[in-house]
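For reference, the structure is listed below as structure tokens.
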Amino acid sequence: MIHMHHGEDIKEMATQTKVLKELDSSYFFKCRQGYVVNLFNIEEISDDYKFLLLKSGDIIPMSRLGFKQLVKPIPLSITGVDTFDY
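Sequential numbering from 1 applies to the sequence shown in UniProt numbering.
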């Protein structure tokens with residue numbers, strides 16, 4: 001099931017692996033088994049790095065591996081850093 005930020009749910013008859021291959025890995029990551037998150041929809045990361053608060057208000061659990069995957073691919077351009085100034 002794919003939960004859209006505006007509240008719509010889409011039933012997807014594909015594996016998570018297949019869905020991930022179709023998404024742009026610059027913007028989406030697997031934060032835990034069964035959860036794929038759009039980086040632009042993250043509002044906050046909990047102090048213990050175990051949960052993500054999304055802009056929709058949803059709270060998503062995050063594994064240790066998910067945290068490592070989150071901090072590794074964040075492109076500087078989406079964090080507000082102008083990569084051409086350095």
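Even for Gly, the Cβ is constructed at its ideal location relative to N, Cα and C.
| Asked | Found |
| --- | --- |
| Less than 9 Å separating the beta-carbons of E12 and V19? | yes |
| Among F67, Y35 and Q33, which has the Cα closest to the Cα of S46? | F67 |
| Taking just the CA atoms, how far does F28 sit from V36? | 6 Å |
| Out of curiosity, what's the CA-to-CA distance linking I59 and T15? | 22 Å |
| May I ask you to report which of helix, strand or coil DSSP gives L52? | strand |
| What are the start and end residues of the beta strand (DSSP E) that includes K30? | F28 to R32 |
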